[in-house]
Amino acid sequence: MPLFFPRENARSQLTTDHGRTTRLLIPLNVCRRKNFYLPWECENERHGYEKCQYDE
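Spelled out as structure tokens, the structure:
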């Protein structure tokens with residue numbers, strides 16, 4: 220997984236409270252915006268993010 224730095228986090232308007240899930244949340248939000256929030260378009264990204272949240 221790519222690492223994201225404070226500049227990317229600031230651009231994405233995320234807080235540091237997300238911890239390790241930030242690296243998955245940024246691509247998920249990009250996918251959601253690109254696909255007009257259609258739930259079936261970003262299933263893989265969403266599953267990875269939700270699993271990371273559960274594990275954390």
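Residues are numbered in this note's numbering as their position in the sequence shown, beginning at 1, plus a constant of 219.
Ideal placement from N, C-alpha and C gives every residue a C-beta, glycine not left out.
- The criterion of a C-beta distance shorter than 8 Å is not satisfied by G238 and E269.
- Here L243 is buried, its C-beta having at least 16 other C-beta atoms within 10 Å.
- Contact annotation, E260 with C250: C-beta distance approximately 7 Å; criterion of less than 8 Å satisfied.
- In this structure, DSSP gives N248 a helical state, which the three-state scheme calls helix.
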